[in-house]
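**Q** Structure incoming, see below.
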Amino acid sequence: MTRKRIALVAHDARKADLIAWIGVNIQALDGHAFWATGTTGQKVRDAQPGLDVTPLKSGPLGGDQQIGALIAEGRIDLLIFFVDPMTAQPHDVDVKALTRLATLYNIPMACNEATADMIVSSPLFSSGYIPRAANFLDYETRKV
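Quick note: the sequence shown, position 42, residue 42 per the working numbering, numbers continuous.
And the structure:
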């Protein structure tokens, strides 16, 4: 098994769902390293004290941006983000920036339980799979 670096984020209304999902998938998740926004990280630690979880700041206080920075630095392999689509978020711009970075850097991202299930049950999850790196050469060498 290749140790994955996994970011965990959940809106307030979905935190319990994420904790339950982790419990169901603990066998697949055990042994990986996790970073999480503040409250989510603490709840994961409380529910699964054996997991290697590093809590960052709360999402609205900059935690989403901290995870985005880890993605941009190549330090996150997978984003599990249980989104609440029914509630407006005061930090929606941060959420959008986070999902944009996951897309830009081509890391797998699950925004719901079904997608998270597909990812952790894939043979690629436990392999040394490395997503194709994004090529920014044209952008970086453009004339402005």
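Using N, Cα and C, we set each Cβ at its ideal position, and we do this for glycine too.
Determine the extent of the alpha helix (DSSP H) in which Asp117 is found, giving its start and end residues.
**A** Residues Glu113 to Ser121.
**Q** Between which two residues does the beta strand (DSSP E) containing Ile80 stretch?
**A** Its beta strand (DSSP E) spans residues Leu78 to Phe82.
**Q** Under a three-way DSSP split, which group does Thr37 fall into?
**A** Note: Thr37 maps to coil in three-state DSSP.
**Q** State the start and end residues of the unbroken alpha helix (DSSP H) segment that holds Arg100.
**A** Start and end: Asp92 to Leu104.
**Q** For the alpha helix (DSSP H) that Ile22 lies in, which residues bound it at each end?
**A** Lys15 to Val24 is the span of the alpha helix (DSSP H), which, as asked, contains Ile22.
**Q** Could you pull out every residue in the same chain whose Cβ sits closer than 7 Å to the Cβ of Gln89, ignoring the five residues on either side in sequence?
**A** Answer for Gln89: His11 and Val95, listed in chain order.
**Q** Which residue from Thr99, Leu51, Met109 and Trp35 puts its Cα closest to that of Leu29?
**A** It is Leu51.
**Q** CB-CB under 6 Å to Thr39, same chain, minus the five flanking residues each way: which ones, in chain order?
**A** Taken in chain order, the residues that qualify are Ser58.
**Q** Could you tell me which of Phe81, Asp77, Pro49 and Gly74 sits nearest to Gly63, measuring between CA atoms?
**A** Of the candidates Phe81, Asp77, Pro49 and Gly74, the one whose C-alpha sits nearest the C-alpha of Gly63 is Phe81.
**Q** Smallest Cα separation from Asp46: which of Arg132, Gln27, Asn25 and Ile19?
**A** Taking only the C-alpha atoms, the option nearest Asp46 is Ile19.
**Q** Buried or exposed: where does Phe125 fall if 16 or more other Cβ atoms within 10 Å of its Cβ makes it buried?
**A** Under this definition Phe125 is a buried residue.
**Q** Give me the DSSP bridge partner(s) of Asp52.
**A** Answer is Ala33.
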